[in-house]
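Asks: In our numbering, the protein residues as written are 4 to 130.
For glycine and all other residues, C-beta sits at the position ideal for the given N, C-alpha and C.
Shown below is the structure under consideration.
Here it is, written out as structure tokens:
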């Protein structure tokens, strides 16, 4: 049962980080990851990408499609990439923009605590 509680909470937080990074273009500090240059925006327009200038890390959709909730070899859980190339890209992106992107925000961390307390209360109430 402990595993179900933890997994449910972490899967919810994963969905939140996916939305923040790949849809909203927000880093782990709550700021925009970056903005595309005007010249690159023209390229994005030609390739039918969204018109927004905010960086959302979806040029080829490889990273967003590979960003998953993972069961790690040691039995723990995490969010990340199952493909080494996408993991390497995530490191490159953080170095390029000089900011943490794939860490939890303070808000996500707090939400995880609240969800965990709620799920544990439900679980303990069943004992």
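Sorted by chain position, which residues of the same chain lie with C-beta nearer than 8 Å to residue 66's C-beta, five sequence neighbours on each side aside?
Replies: The sequence position of residue 66 within the chain shown is 63, counting from 1. 25, 60, 84, 89, 92 and 93, listed in sequence order.
Asks: Report the residue ranges of all alpha helix (DSSP H) runs contained in full by the region 44-115; include only those spanning at least 4 residues, in chain order.
Replies: 65-69 and 87-100
Asks: Quick one: Cα of residue 33 to Cα of residue 106, how far?
Replies: As a first step, residue 33 is located in the chain shown; it is residue number 30 there, counting from the start. As a first step, residue 106 is located in the chain shown; it is residue number 103 there, counting from the start. Each residue's Cα considered, the two are about 11 Å apart.
Asks: Rounded to the nearest angstrom, what separates residue 109 and residue 16 at their Cα positions?
Replies: Taking the chain shown and counting its residues from 1, one reaches residue 109 at position 106. Taking the chain shown and counting its residues from 1, one reaches residue 16 at position 13. Each residue's alpha carbon lies about 12 Å from the other.
Asks: Should residue 30 go down as buried or exposed, given a rule of 16 or more other Cβ atoms within 10 Å for buried?
Replies: Mapped onto the chain shown, residue 30 falls at position 27. By the 10 Å Cβ count, residue 30 comes out buried.
Asks: Candidates 6, 121, 68 and 56: which alpha carbon is nearest residue 22's?
Replies: Residue numbering aside, residue 22 sits at position 19 when the chain shown is read from its first letter. Looking at the Cα atoms, 68 is the closest of the given residues.
Asks: Alpha carbon to alpha carbon, how far is residue 87 from residue 80?
Replies: Position 84 of the chain shown, counting from 1, holds the residue named residue 87. Position 77 of the chain shown, counting from 1, holds the residue named residue 80. Roughly 18 Å separates the two Cα atoms.
Asks: Residues in the same chain with beta-carbon distance under 7 Å from residue 111, minus the five sequence neighbours each way, listed in chain order, please.
Replies: By one-based count along the chain shown, residue 111 stands at place 108. 16, 19 and 20.
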